[in-house]
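Sequences listed follow chains A, B, C and D, in order. At position 37 of the first sequence (counting the first as 1) the number is 37 in our numbering, and the numbers step up by one without a gap. At position 13 of the second sequence (counting the first as 1) the number is 13 in our numbering, and the numbers step up by one without a gap. At position 176 of the third sequence (counting the first as 1) the number is 176 in our numbering, and the numbers step up by one without a gap. At position 186 of the fourth sequence (counting the first as 1) the number is 186 in our numbering, and the numbers step up by one without a gap.
There are 4 protein chains.
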Amino acid sequence: MTTEERVREAAVRLFAERGFHGTGIRDLAQAAGLSSATLYHYMGTKEDLLVSIMRTSLTELITQAEAIAARAANETDRLVALVEMHVQAHAEKPRETAVVDGEMRALTGDRRAEIVALRDRYEQIWQDAIVDGVQAGRLNVTEPSVARLALLEMCSGVSRWYSPDGPLKLTDLTIQYGAMALGMLGAAR
Amino acid sequence: MTTEERVREAAVRLFAERGFHGTGIRDLAQAAGLSSATLYHYMGTKEDLLVSIMRTSLTELITQAEAIAARAANETDRLVALVEMHVQAHAEKPRETAVVDGEMRALTGDRRAEIVALRDRYEQIWQDAIVDGVQAGRLNVTEPSVARLALLEMCSGVSRWYSPDGPLKLTDLTIQYGAMALGMLGAAR
Amino acid sequence: MTTEERVREAAVRLFAERGFHGTGIRDLAQAAGLSSATLYHYMGTKEDLLVSIMRTSLTELITQAEAIAARAANETDRLVALVEMHVQAHAEKPRETAVVDGEMRALTGDRRAEIVALRDRYEQIWQDAIVDGVQAGRLNVTEPSVARLALLEMCSGVSRWYSPDGPLKLTDLTIQYGAMALGMLGAAR
Amino acid sequence: MTTEERVREAAVRLFAERGFHGTGIRDLAQAAGLSSATLYHYMGTKEDLLVSIMRTSLTELITQAEAIAARAANETDRLVALVEMHVQAHAEKPRETAVVDGEMRALTGDRRAEIVALRDRYEQIWQDAIVDGVQAGRLNVTEPSVARLALLEMCSGVSRWYSPDGPLKLTDLTIQYGAMALGMLGAAR
DNA sequence: AATGAATGAGAGTTCATTCAT
DNA sequence: TATGAATGAACTCTCATTCAT
Numbered sequence: 001m002t003t004e005e006r007v008r009e010a011a012v013r014l015f016a017e018r019g020f021h022g023t024g025i026r027d028l029a030q031a032a033g034l035s036s037a038t039l040y041h042y043m044g045t046k047e048d049l050l051v052s053i054m055r056t057s058l059t060e061l062i063t064q065a066e067a068i069a070a071r072a073a074n075e076t077d078r079l080v081a082l083v084e085m086h087v088q089a090h091a092e093k094p095r096e097t098a099v100v101d102g103e104m105r106a107l108t109g110d111r112r113a114e115i116v117a118l119r120d121r122y123e124q125i126w127q128d129a130i131v132d133g134v135q136a137g138r139l140n141v142t143e144p145s146v147a148r149l150a151l152l153e154m155c156s157g158v159s160r161w162y163s164p165d166g167p168l169k170l171t172d173l174t175i176q177y178g179a180m181a182l183g184m185l186g187a188a189r
Numbered sequence: 001m002t003t004e005e006r007v008r009e010a011a012v013r014l015f016a017e018r019g020f021h022g023t024g025i026r027d028l029a030q031a032a033g034l035s036s037a038t039l040y041h042y043m044g045t046k047e048d049l050l051v052s053i054m055r056t057s058l059t060e061l062i063t064q065a066e067a068i069a070a071r072a073a074n075e076t077d078r079l080v081a082l083v084e085m086h087v088q089a090h091a092e093k094p095r096e097t098a099v100v101d102g103e104m105r106a107l108t109g110d111r112r113a114e115i116v117a118l119r120d121r122y123e124q125i126w127q128d129a130i131v132d133g134v135q136a137g138r139l140n141v142t143e144p145s146v147a148r149l150a151l152l153e154m155c156s157g158v159s160r161w162y163s164p165d166g167p168l169k170l171t172d173l174t175i176q177y178g179a180m181a182l183g184m185l186g187a188a189r
Numbered sequence: 001m002t003t004e005e006r007v008r009e010a011a012v013r014l015f016a017e018r019g020f021h022g023t024g025i026r027d028l029a030q031a032a033g034l035s036s037a038t039l040y041h042y043m044g045t046k047e048d049l050l051v052s053i054m055r056t057s058l059t060e061l062i063t064q065a066e067a068i069a070a071r072a073a074n075e076t077d078r079l080v081a082l083v084e085m086h087v088q089a090h091a092e093k094p095r096e097t098a099v100v101d102g103e104m105r106a107l108t109g110d111r112r113a114e115i116v117a118l119r120d121r122y123e124q125i126w127q128d129a130i131v132d133g134v135q136a137g138r139l140n141v142t143e144p145s146v147a148r149l150a151l152l153e154m155c156s157g158v159s160r161w162y163s164p165d166g167p168l169k170l171t172d173l174t175i176q177y178g179a180m181a182l183g184m185l186g187a188a189r
Numbered sequence: 001m002t003t004e005e006r007v008r009e010a011a012v013r014l015f016a017e018r019g020f021h022g023t024g025i026r027d028l029a030q031a032a033g034l035s036s037a038t039l040y041h042y043m044g045t046k047e048d049l050l051v052s053i054m055r056t057s058l059t060e061l062i063t064q065a066e067a068i069a070a071r072a073a074n075e076t077d078r079l080v081a082l083v084e085m086h087v088q089a090h091a092e093k094p095r096e097t098a099v100v101d102g103e104m105r106a107l108t109g110d111r112r113a114e115i116v117a118l119r120d121r122y123e124q125i126w127q128d129a130i131v132d133g134v135q136a137g138r139l140n141v142t143e144p145s146v147a148r149l150a151l152l153e154m155c156s157g158v159s160r161w162y163s164p165d166g167p168l169k170l171t172d173l174t175i176q177y178g179a180m181a182l183g184m185l186g187a188a189r
């Protein structure tokens, strides 16, 4: 693992555990095994580091979501595939995703706009999936926007509690979430 | 409104908007219209203030949840009533609830233990409701704990986006969430 | 005991235990059973209070020392009587005397000058006693100033350790100090 | 002189002149020619700095006192040598010794216990010297503990007034204190 | 006589960041 | 590549003091 990766990993972990404002540059340096001065060879500002983490994570989610949207056999499958991918990502990379979901308010100015735009783009994919599902008669929701928000919150929460060392296997987790998603969206049985 | 209430309200707002660590004592003072020294006539430490906000909010939720659990006609009603109450609380007091849901990690030591215990007590009420519903054959979930976590995350998310000034009325919101909850828990139709 | 006395007593105790700068106005108020605002009905500034304590204590010492100097039968008696008086004062009022001996540096400007002048006046009485004793052939010291300083430090130290509840009676204490003083000043046997 | 030494020296001087609580961190920084933030590269807390100064000074005194106790020809020599060493230390390092003698009360908790233990160890060496002198018939004191306290106070006072630039040479000072000590302890002539 | 409320200034300490080496 | 040294600004919190009631 390169030093840059160590820095990044330390940042992901600490930002997730303590939040951006709760993490000091010295904490980061110590966790990465460097002096705080050396840290600055591997990053810009603390906020740059946060942005970079978020961009990477969100971009990956978007890429996967777009691939799913492109290849899904039907609207139901598409929705379930999105849920499974999202849940899996939050189960496998709980820290990265928790940072994305929880630290957006720490960003300022243009950086914030950039990340918000990415998030909006990701959410739009979900919005489309739900709207299309409803139009196709496969889903039954009163208000697609409300459903989208509720669904995403439900799935994102996984990063806060799931542990791969616990009794629940990842595949079972995604299956359950897929089922719950279909249920809450009133999918035709 | 008393000065103490102004302090509290300022804290709730800023903690919700910027997070505990992102809120300085001077920000708080300014928002409450006081000097930072005067602030300390109306609070203990910054952390004390956070604890107090959380305790108040969680205690209120627990009180309401226990009342619902005591009076509900059947397991389905009980679950829906919990959802409606929770969603309503998060819609009406989005800042207080967001602080409860998001700033627990900022607490330290005994204070943290106290608040975590309250949260656990609240979640247990939900857990019981789900388990009872399953046993009564009115709900159908694979894993009650997973369902509880998913359900609570879904409902708590409301504080992050709902606005009473938007197109969606509060009653419609709660109805939709009730329906989604029943759907995701596989309620008998 | 009047409130003013309570304030004074609290100040004496706290200044002695923690020092002037180590004692806060809130500590004083609490020790006197008042609010910090009420405190200011019974005193000027914190420094005024210190000056007042010192003035009272030093004036009393000077009065007693002058009486001794006026009535002593001979130079040896005079020296011993000064020692006994000084030791008794430091044993009976350890806090007042400790404040006088230890907090002079906390004073500023004119206040400091006033107290320093009182202390110098007191020390002059001792200086005269030693010089007269030497001239009378009753004492034998190389350098009267050095002897005076050494003697006063020795006697003042009593306030730091003597307890009336301990095994040593006050009369025995003063007798021992008188004997030690004569010894160190080379008194004719 | 290294920066660390400059910090230490500044602290010794200011703590001696104004007391620990009377010295601010910004005073310290200015006296050392640093910003207050930079100060913290060279010390832990302000109290750590105080402890370190005291430990160094007391350890040196103990080392010297133990060496004297080990090599003294007889009980009288031993006592005089202790006095001379102590007086010399207080004359040559008046600030360090004044801090040791006067700021112990500013310490808290374990730090205080550590320093008190060192001081007690040092005083025990004196106590032994006096007791041994009495048993050997070379000293004549009523109460060794009282004599020890009086003697140490007398000698420590030197740091408060002696100046190497004054008329009194250091060797004369120590000789006079040795003579006074023997006198006050009733040494056989 | 008594105090709650108020505050500017300052306390000790840490912040994120820079730079010469 | 790596870091000690450095700092202005900011941190949370307390200071001594005043004043209207």
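The beta-carbon is built from N, C-alpha and C at its ideal position, and this holds for glycine as well. Note that this is a predicted model, so its numbers are computed, not measured.
Just verifying my parser: in three-state terms, what is the DSSP assignment at residue i?
| i | result |
| --- | --- |
| A/Asp128 | helix |
| D/Leu107 | coil |
| D/Asp165 | coil |
| C/Met43 | coil |
| A/Ser145 | helix |
| A/Ala73 | coil |
| B/Ser35 | coil |
| B/Phe15 | helix |
| D/Thr171 | helix |
| D/Thr97 | helix |
| D/Ala150 | helix |
| A/Ala188 | coil |
| A/Thr2 | coil |
| D/Leu139 | coil |
| A/Thr63 | helix |
| D/Thr200 | Residue 200 of chain D cannot be examined here, being either before or after the span of chain D that is shown, 1 to 189. |
| A/Gly157 | coil |
Taking residue i as the query, report the chain D residues whose CB atoms sit under 9 Å from its CB, ordered along the chain.
| i | result |
| --- | --- |
| C/Tyr40 | The premise fails here: C/Tyr40 is roughly 22 Å from chain D at the closest Cβ pair, so nothing lies under 9 Å. |
Using a C-beta to C-beta distance shorter than 8 Å, which residues of chain A count as neighbours of residue i?
| i | result |
| --- | --- |
| B/Trp161 | Leu149 |
Below 7 Å on C-beta distance, what does residue i contact in chain C?
| i | result |
| --- | --- |
| D/Gly22 | His21, Ala106 |
| D/Thr142 | Gln176 |
Residues of chain D with a CB under 7 Å from the CB of residue i: which are they?
| i | result |
| --- | --- |
| C/Leu49 | Chain D residues near C/Leu49: none, gap ~16 Å exceeds 7 Å. |
| C/Gly157 | Leu149, Ala150, Glu153 |
Please identify the residue among the options whose C-alpha is closest to the C-alpha of residue i.
| i | options | result |
| --- | --- | --- |
| A/Gln124 | A/Leu82, A/Gly109, A/Val99 | A/Leu82 |
| D/Tyr40 | D/His90, D/Leu185, D/Ile25, D/Ser52 | D/Ile25 |
| B/Leu182 | B/Leu168, B/Asp165, B/Arg148, B/Val158 | B/Arg148 |
| B/Ala73 | B/Ala136, B/Glu4, B/Arg13, B/Gln30 | B/Ala136 |
| A/Tyr122 | A/Val100, A/Arg105, A/Thr142, A/Gly109 | A/Val100 |
| C/Pro167 | D/Leu168, D/Val12, D/Glu143, D/Val134 | D/Glu143 |
| B/Met184 | B/Met104, B/Gly102, B/Ile130, B/Leu173 | B/Ile130 |
| D/Ala89 | D/Glu17, D/Gly19, D/Leu152 | D/Leu152 |
| C/Met54 | C/Glu17, C/Val12, C/Asp132 | C/Val12 |
| C/Gly33 | C/Val7, C/Glu47, C/Asp132, C/Ser57 | C/Val7 |
| D/Leu126 | D/Thr56, D/Arg78, D/Ser57 | With the sequence shown as reference, residue 126 of chain D is identified as Trp, and Leu is not the correct amino acid for it. The shortest Cα separation from D/Trp126 among D/Thr56, D/Arg78, D/Ser57 belongs to D/Arg78. |
| B/Thr38 | B/Thr45, B/Ala29, B/Trp161 | B/Ala29 |
Chain A partners of residue i, CB-CB under 9 Å?
| i | result |
| --- | --- |
| B/Leu168 | Glu143, Ser145, Val146 |
Using a C-beta to C-beta distance shorter than 7 Å, which residues of chain A count as neighbours of residue i?
| i | result |
| --- | --- |
| B/Arg18 | Arg105 |
Below 7 Å on C-beta distance, what does residue i contact in chain B?
| i | result |
| --- | --- |
| A/Glu123 | By Cβ distance, chain B contributes nothing, its closest Cβ being about 11 Å from A/Glu123, past 7 Å. |
Can you pull the chain C neighbours of residue i, defined as C-beta to C-beta under 9 Å?
| i | result |
| --- | --- |
| D/Gly186 | Ala179, Met180, Gly183 |
Under 8 Å between beta-carbons, which chain B residues line up against residue i? List them in chain order, please.
| i | result |
| --- | --- |
| A/Gly102 | Gly102 |
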